[in-house]
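Participant:
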Amino acid sequence: LLDSHSHLPFWTLSGQIALLVIRMVMLPIVLAWLVRGVMKSMGKTPHPPKKLTYLLWLSSLLFILGKSVSFVLKEGSEQVGLLIASFAVGLLACAIQFTLGSHLARRIGVEEVACRQSMGQKNTALTLWLCITFMHPLVAPGIAGYIAWQNFFLTYYMNRRSRLKG
13 LLDSHSHLPF WTLSGQIALL VIRMVMLPIV LAWLVRGVMK SMGKTPHPPK KLTYLLWLSS
73 LLFILGKSVS FVLKEGSEQV GLLIASFAVG LLACAIQFTL GSHLARRIGV EEVACRQSMG
133 QKNTALTLWL CITFMHPLVA PGIAGYIAWQ NFFLTYYMNR RSRLKG
């Protein structure tokens, strides 16, 4: 959809992207409401399997890693500087989000690890999809780096928390 040869006007392109995003976001929400309504009318409460959300997240992670590896193999050493810069931006974004999560947790009185995690992981899957669909392939390694940094930060803070408790 976005390439250097595209001559679509800005608003036309923005409208196409908005329609895709609405379809990607609103369709699952409407289906979830429909399932919840049908189950409620039957006197039941939906309980999705806990592993399902993990498997969905893992599949999006594998997809982005595949795109990243494909880009690196295709571009080779020509884009090393941009690749390193994209990893650095991922590190900076994670550091900012986790720091904000920490300050926000203290301010509103919620669990610090959960607040940090929610700041770091909010809408990651949507961001992945948007970037892979509409951006240059160089974005994929940057997002993969962001996810790696995010997991590093989460592991570090959870390990630190368990040491302080135990």
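The sequence shown maps to residues 13 to 178 in our numbering.
Don't be surprised by glycine CBs; every beta carbon is placed ideally from N, CA and C.
Starting from G113, follow the alpha helix (DSSP H) in both directions and report where the run begins and ends.
Facilitator: Segment 92-120, the alpha helix (DSSP H) holding G113.
Participant: I think M131 touches F110, with their Cβ atoms under 8 Å apart; what is that distance to the nearest whole Å?
Facilitator: So it is a contact: roughly 7 Å between Cβ atoms.
Participant: Is there contact here, the stretch 93-100 with the stretch 139-158, by at least three beta-carbon pairs under 8 Å?
Facilitator: Contact holds: three or more Cβ-Cβ distances are below 8 Å.
Participant: Looking at the secondary structure, which residues open and close the alpha helix (DSSP H) in which T167 lies?
Facilitator: Run containing T167: 151-177, per the alpha helix (DSSP H) assignment.
Participant: For Q162, count the other beta carbons within 10 Å of its own beta carbon; 16 or more makes it buried, fewer makes it exposed. Which is it?
Facilitator: Under this definition Q162 is a buried residue.
Participant: Can you give the Cα-Cα distance for R35 and C143, rounded to whole angstroms?
Facilitator: One C-alpha to the other measures close to 16 Å.
Participant: Quick one: what does DSSP say Q56 is sitting in, helix, strand or coil?
Facilitator: Note on residue identity: the sequence assigns Lys, not Gln, to residue 56. Coil.
Participant: Keeping to the same chain, check which residues put their C-beta closer than 8 Å to that of A126; ignore five residues upstream and five downstream.
Facilitator: Only A117 meet the Cβ criterion.
Participant: How many Å lie between H17 and T57 at the Cα?
Facilitator: Note that H17 has pLDDT 49, beneath the 50 cutoff, so the model's placement of it is unreliable and the number below is only indicative. Approximately 50 Å, taken between the alpha carbons.
Participant: Taking buried to mean at least 16 other C-beta atoms within 10 Å of its own C-beta, is K86 buried or exposed?
Facilitator: By the 10 Å Cβ count, K86 comes out exposed.
Participant: Apply the 10 Å Cβ neighbour rule to R128 and answer buried if 16 or more other Cβ atoms are within range, or exposed otherwise.
Facilitator: Its Cβ being crowded by 16 or more others within 10 Å, R128 is buried.
Participant: Buried or exposed: where does S80 fall if 16 or more other Cβ atoms within 10 Å of its Cβ makes it buried?
Facilitator: Counting Cβ neighbours within 10 Å, S80 comes out buried, since at least 16 surround it.
Participant: Could you have a look at E123 and say whether DSSP puts it in helix, strand or coil?
Facilitator: Note: E123 maps to coil in three-state DSSP.
Participant: Please classify I120 as buried or exposed, where buried requires at least 16 neighbouring CB atoms within 10 angstroms.
Facilitator: Exposed, by the Cβ-count rule.
Participant: Using DSSP with H/G/I as helix, E/B as strand and the rest coil, what is L46?
Facilitator: Helix at L46.
Participant: Could you check the C-alpha separation between L70 and L64 for me, to the nearest Å?
Facilitator: Whole-angstrom Cα-Cα distance: 10 Å.
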